[in-house]
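Line order of the protein sequences matches chains A and B. Positions in the first sequence are counted from 1; adding 35 to them yields the numbering used here. Positions in the second sequence are counted from 1; adding 12 to them yields the numbering used here. Where a beta carbon is used, it is the ideal one built from N, C-alpha and C, also for glycine.
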Amino acid sequence: MYTYNDFDKSFIATRNAQFRDQVERRIDGSLTEGEFKPLRLMNGLYLQLHAYMLRVAIPYGTLNGGQMRQLAFIADKWDKGYGHFTTRQNIQYNWPELRDVPDMLDALAEVGMHAIQTSGNTIRNVTADHFAGASADEIADPRPVAELIRQWSTDHPEFQFMPRKFKIAITGSPNDRAVTRAHDIGLRMVEKDGEAGFEVIVGGGLGRTPMIGKVITDFLPQEDLLPYLESVVSVWNQIGRRDNKYKARIKITVHEHGIEEIRRLVDERFAIVKGSFSGIDQVRLAEYKTHFAPPDFVVKSEAVFKDAYHSDPVFRSWADTNLSAHKADGYSIVSISIKKHGDTPGDATSDQMRLMADLAEAYGHNELRISHEQNVILPHVHKSDLPALHAALKEQGLATANIGLISDIIACPGMDYCALATARSIPIAQEIATRFDDLKLEHDIGNLKIKISGCINACGHHHVGHIGILGLDRAGVENYQVTLGGDHTETAKIGDRAGRGFEAHELVPAIERVVDTYLALRTDKDEEFIETYRRLGLAPFKAALYPEAQADAA
Amino acid sequence: MSKSFTPKVVTANDLLKGDVIYQTATGWTRDLADAEILTDEAHADLRLIEGSQQIADVVGVYLMDVALDGTAPQTTHFREAFRAKGPSNYVHGKQEVA
Numbered sequence: 036m037y038t039y040n041d042f043d044k045s046f047i048a049t050r051n052a053q054f055r056d057q058v059e060r061r062i063d064g065s066l067t068e069g070e071f072k073p074l075r076l077m078n079g080l081y082l083q084l085h086a087y088m089l090r091v092a093i094p095y096g097t098l099n100g101g102q103m104r105q106l107a108f109i110a111d112k113w114d115k116g117y118g119h120f121t122t123r124q125n126i127q128y129n130w131p132e133l134r135d136v137p138d139m140l141d142a143l144a145e146v147g148m149h150a151i152q153t154s155g156n157t158i159r160n161v162t163a164d165h166f167a168g169a170s171a172d173e174i175a176d177p178r179p180v181a182e183l184i185r186q187w188s189t190d191h192p193e194f195q196f197m198p199r200k201f202k203i204a205i206t207g208s209p210n211d212r213a214v215t216r217a218h219d220i221g222l223r224m225v226e227k228d229g230e231a232g233f234e235v236i237v238g239g240g241l242g243r244t245p246m247i248g249k250v251i252t253d254f255l256p257q258e259d260l261l262p263y264l265e266s267v268v269s270v271w272n273q274i275g276r277r278d279n280k281y282k283a284r285i286k287i288t289v290h291e292h293g294i295e296e297i298r299r300l301v302d303e304r305f306a307i308v309k310g311s312f313s314g315i316d317q318v319r320l321a322e323y324k325t326h327f328a329p330p331d332f333v334v335k336s337e338a339v340f341k342d343a344y345h346s347d348p349v350f351r352s353w354a355d356t357n358l359s360a361h362k363a364d365g366y367s368i369v370s371i372s373i374k375k376h377g378d379t380p381g382d383a384t385s386d387q388m389r390l391m392a393d394l395a396e397a398y399g400h401n402e403l404r405i406s407h408e409q410n411v412i413l414p415h416v417h418k419s420d421l422p423a424l425h426a427a428l429k430e431q432g433l434a435t436a437n438i439g440l441i442s443d444i445i446a447c448p449g450m451d452y453c454a455l456a457t458a459r460s461i462p463i464a465q466e467i468a469t470r471f472d473d474l475k476l477e478h479d480i481g482n483l484k485i486k487i488s489g490c491i492n493a494c495g496h497h498h499v500g501h502i503g504i505l506g507l508d509r510a511g512v513e514n515y516q517v518t519l520g521g522d523h524t525e526t527a528k529i530g531d532r533a534g535r536g537f538e539a540h541e542l543v544p545a546i547e548r549v550v551d552t553y554l555a556l557r558t559d560k561d562e563e564f565i566e567t568y569r570r571l572g573l574a575p576f577k578a579a580l581y582p583e584a585q586a587d588a589a
Numbered sequence: 013m014s015k016s017f018t019p020k021v022v023t024a025n026d027l028l029k030g031d032v033i034y035q036t037a038t039g040w041t042r043d044l045a046d047a048e049i050l051t052d053e054a055h056a057d058l059r060l061i062e063g064s065q066q067i068a069d070v071v072g073v074y075l076m077d078v079a080l081d082g083t084a085p086q087t088t089h090f091r092e093a094f095r096a097k098g099p100s101n102y103v104h105g106k107q108e109v110a
C-alpha cells in the first residue's frame with residue numbers, strides 16, 4: 036500500500052492548517068458563505084439537509100487496518116458512531132459540526148488520509164477495481180497508476196476551477212468492476228505486442244444525460260498516460276460549457292463536438308504537453324509499484340475450509356455467495372456485505388469498522404477495500420482462515436450471504452440526508468431487501484443488481500442497474516421511475532425506462548412482478564436476469580409492471 | 013394575475029451545527045412550532061433579507077411554505093417534513109431530542 040512520504044505529510048499538514056484558518060474566518064464572519072463554500076467543498080465538506088457532511092477519500096478504495104480503525108474513532112468522537120461508504124469508494128460522515136472538522140482532518144492525516152478534492156469542480160478521488168492486486172482475471176494491478184494519477188491531480192494548478200467535477204476510474208482486468216464506461220475518463224489496462232498500455236474511454240457519465248463513454252484511443256503507451264490525461268482535461272477545461280451546469284460535464288462536450296474532433300484537439304494539445312513531462316512520472320510510477328508489491332502468500336492446508344464447507348450450511352451459503360477467485364493458490368477474495376437485510380446500504384458502525392480492521396490484520400495481510408457497490412472487501416484471505424473469519428463476522432451482523440443478489444442494493448443517501456435529492460432511497464432499499472428475504476427467494480433469483488438514486492444526478496448508478504430506480508418529486512409526492520436492463524460492466528448499457536413512475540407503496544409489488552416474470556420466463560436457473568432481459572427485451576417486463584395497461588388494451 | 017400569498021416561515025441551517033433552524037420575531041428556533049409565521053408578502057421578503065444578513069450565524073436562508081393548523085405551522089412538502097424531523101433510517105436529527 037502507498038504510504039505518505041515527507042512531502043505528502045507536509046502538504047496535507049499545510050492544507051489542513053489553511054482550512055482550519057478558513058473555518059475560523061468563516062465563524063468570525065470575515066468570510067461569507069459564498070466565499071467559504073468553494074473552500075469547504077475542495078476539502079470535502081458539504082452542508083446537507085440536517086447537518087454538515089464530510090466526505091473522506093479512500094484512494095482507489097484501498098485502506099489498511101489502522102486507517103479503518105481511525106475511521107471508526109472519528110465516527111465515535113465527532114459523528115454518531117457510523118459512516119456511510121459510497122459508490123465512489125469514499126466514506127461520508129453525516130453529522131459533523133463545523134468547528135470539529137479541522138480536528139477530523141488532522142485525525143485523518145495521522146493515518147495518511149484526507150478529504151481533498153472529494154467535492155468541487157476538481158478531479159475527484161480516482162476509483163479502481165476493488166479486487167485490484169488479488170483477482171484471478173487481472174492483467175496488472177491498477178493501483179500504482181491510480182496513485183500516480185492521484186499525485187498528479189491533487190492540487191493541480193490548472194484543474195482547480197473547472198467547468199464541473201471530473202471523475203476517473205481504472206481497471207486492470209478485462210472484467211470491468213470499476214464502471215469505467217460511466218466515468219469522465221475510464222482507463223482499461225491492456226497489452227499490445229507485450230507492451231503495457233491503456234485503452235482510454237472518454238465522456239461516459241450518468242446523471243441527467245446518461246452516456247456510455249467512447250474510446251478515444253485503443254492503445255496509449257504507459258509512459259504517455261499523464262501527458263495524455265492532462266491533454267484531455269485541458270481541452271475540456273477550455274471548451275467545456277461553463278454557461279450551463281447541466282451541460283458542463285465532458286460527456287456533453289464529447290457529444291456536442293464529436294469524438295473525432297475531441298481526439299484531434301487532444302492530439303494537438305498532447306504534442307505540446309508531452310514535452311513538459313521530463314519522465315519523472317515514470318520514475319515515480321516505478322517507485323509506487325514497490326508500494327503495491329503482493330503480500331507473501333503462504334501455502335497451507337485447506338482442510339479446515341473443506342470441513343466447514345461440507346458440515347456448515349450457513350458457512351457454505353456465505354462461501355458460495357461472498358467469495359471470489361484469487362490469483363494465488365489457496366486464497367479467496369472475501370466480500371463483506373454491509374447490506375444486511377433491512378439495514379442502510381453502505382453504512383457501517385464503528386464496532387463493525389473495528390472488527391473489519393482486526394480481521395484484516397489477523398487474516399487479510401492488513402488490507403481492506405471499499406467497493407463501488409458499497410461493500411467492504413478483504414482481498415487476500417487464505418481459505419483455511421475463512422471459517423474463523425465467518426464466525427467473527429457473524430458476531431457483528433456482517434456475515435450476510437447476499438453479494439450480487441437482489442438485496443445487495445446500491446442506494447445513495449437520498450432525501451434522508453442529501454440536499455440535492457428529490458426523494459428518499461434508503462427506505463426503498465430496506466423494503467426491497469426485507470421483502471425478498473421474507474420470500475426466501477433471493478438465492479433462487481441469483482445475480483440481480485438493483486441500483487437506486489434519489490435524484491437525477493444518479494449517485495446510485497440507477498441507469499446501469501439491472502433494475503434501476505430513480506426517486507423523483509411528482510407534484511409533492513415521492514415517485515419512483517423504473518429502468519430495466521442496465522449494465523455497469525465491460526458490456527455497459529444504459530437501462531430502458533419502463534414507463535410511468537410508481538408511488539412508494541406501489542413500488543415493491545411492482546419490482547416483485549418484474550422478478551416473478553423473470554422467474555417464469557428464464558430458460559433455466561443458469562440464465563441470469565440480465566440475460567433473460569437481453570433475450571426477451573422490455574415487453575414482458577413492461578406488461579408485468581403495468582398490468583392495467585394490458586387490461587385497458589384487452 | 014398574481015398567485016395569492018401563502019403563509020411562510022424563514023428557515024436556514026445553523027452555521028456551527030448545520031442543523032435546521034427557523035426564524036422567530038427575535039432570533040432563531042430549532043422548533044417549527046415556535047417560528048414566526050409570515051402572512052404578508054412584503055413583510056416576508058423583509059424578514060428573509062434580515063435573516064440572510066446574519067452571515068456569521070446562519071447558512072442557506074429561504075422562505076418555506078407552511079400550512080396553519082390553528083396557529084401552529086405545519087410543513088406542506090415532504091422535504092420540509094424530513095428537515096423538521098430527521099432521517100427515516102435512524103432516530104437522529106430533531107426526532108432524537110423530541
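Item	Value
Using the beta-carbon of each residue, which ones in chain A are nearer than 7 Å to D31 of chain B?	H85 and A86
Quick one, which of B:K29, B:R59, B:A96 and B:S64 has its alpha-carbon nearest K20 of chain B's?	B:R59
Mapping DSSP to helix, strand and coil, what is M13 of chain B?	Confidence is the limiting factor: at M13 of chain B the pLDDT is only 41, short of 50, which leaves the residue's position unreliable, though a coordinate-based value still follows. M13 of chain B: coil per DSSP, three-state reduction.
Should A464 of chain A and I487 of chain A be called a contact, given that it needs their Cβ atoms to be closer than 8 Å?	yes
If we cut at 8 Å on Cβ distances, does M13 of chain B have a partner in chain A?	Because M13 of chain B carries a pLDDT of 41, less than 50, the predicted location of this residue cannot be relied on, and the following value inherits that uncertainty. No, because no Cβ of chain A sits closer than 8 Å to the Cβ of M13 of chain B.
Give the DSSP bridge partners of G63 of chain B, in chain order.	G63 of chain B is not bridged to any residue.
What are the start and end residues of the alpha helix (DSSP H) that includes H417 of chain A?	No alpha helix (DSSP H) contains H417 of chain A, which is instead part of the beta strand (DSSP E) from V411 to H417.
Any idea what DSSP makes of G239 of chain A, helix, strand or coil?	coil
For L80 of chain B, does the count of other Cβ atoms within 10 angstroms reach 16, so buried, or fall short, so exposed?	exposed
Exposed or buried, R570 of chain A, counting other C-beta atoms within 10 Å across all chains shown (16 or more means buried)?	exposed
Spell out the partners DSSP gives F85 of chain B in its beta bridges.	Sequence inspection shows Pro at residue 85 of chain B; the Phe mentioned does not correspond to that position. Looking at the DSSP assignment, P85 of chain B forms a beta bridge with B:L80.
Looking only at its own chain, which residues have a Cβ that is under 7 Å from the Cβ of E92 of chain B, when we skip the five neighbours before and after it?	M76
Take N436 of chain A and list the residues in its own chain whose beta-carbon comes closer than 7 Å to its own, dropping the five residues that flank it on each side.	Checking the sequence, you will find Ala at residue 436 of chain A rather than Asn. For A436 of chain A, where only same-chain residues beyond five positions count, the Cβ hits under 7 Å are S352, W353, T356 and N357.
Should M450 of chain A be flagged as near chain B, meaning a C-beta pair shorter than 8 Å?	yes
For S359 of chain A, name the three-state secondary structure that DSSP assigns.	strand
Could you spell out where the alpha helix (DSSP H) holding P73 of chain A opens and where it closes?	E68 to M77
List the endpoints of the continuous alpha helix (DSSP H) containing L571 of chain A.	F564 to L571
Taking 7 Å as the limit between beta carbons, can you name the residues of its chain near M13 of chain B, skipping five residues before and five after?	Note that M13 of chain B has pLDDT 41, beneath the 50 cutoff, so the model's placement of it is unreliable and the number below is only indicative. Correct list: empty, nothing qualifies.
What number of angstroms, rounded off, separates the C-alpha of F576 of chain A from the C-alpha of F194 of chain A?	45 Å
Here's a check: name, in chain order, each residue in its chain whose Cβ is nearer than 8 Å to the Cβ of M103 of chain A, leaving out the five neighbours to either side.	M388, R389, M391, A392, A395 and L403
Note down the Cα distance separating A213 of chain A from N160 of chain A, rounded to an integer number of angstroms.	13 Å
Is D63 of chain A close to chain B, meaning its C-beta is less than 8 Å from at least one C-beta of that chain?	yes
May I ask you to verify whether the region 198–209 of chain A touches the region 505–512 of chain A, counting CB pairs closer than 8 Å and requiring at least 3?	no
Looking at the structure shown, is A446 of chain A part of a helix, part of a strand, or coil, going by DSSP?	strand
Contact between the region 324–343 of chain A and the region 360–376 of chain A: three or more CB pairs below 8 Å?	yes
Between the region 442–450 of chain A and the region 418–431 of chain A, do three or more beta carbon pairs fall short of 8 Å?	no
In whole angstroms, give me the CA-to-CA distance for D253 of chain A and R223 of chain A.	9 Å
Using CA atoms only, rank isn't needed, just tell me which of A:L80, A:M139 and A:N125 is closest to F108 of chain A.	A:M139
So with Cβ pairs under 8 Å, would you call F90 of chain B a contact of chain A?	yes
G390 of chain A lies in the alpha helix (DSSP H); which residues open and close that run?	Here residue 390 of chain A turns out to be Leu, not Gly, going by the sequence shown. Element bounds for L390 of chain A: S385 to Y398.
According to the Cβ coordinates, are G63 of chain B and V70 of chain B closer than 8 Å?	yes
Would you tell me roughly how many angstroms separate the C-alpha atoms of L84 of chain A and D41 of chain A, rounded to the nearest one?	38 Å
Just checking: is the beta-carbon of E132 of chain A within a distance shorter than 8 Å of some beta-carbon in chain B?	yes
Run down chain B in chain order and give the residues with a C-beta less than 7 Å from the C-beta of K115 of chain A.	H104
State buried or exposed for R299 of chain A, treating a residue as buried only when at least 16 other CB atoms are found within 10 Å of its CB.	exposed
CB M77 of chain A to CB Q124 of chain A, shorter than 8 Å?	no
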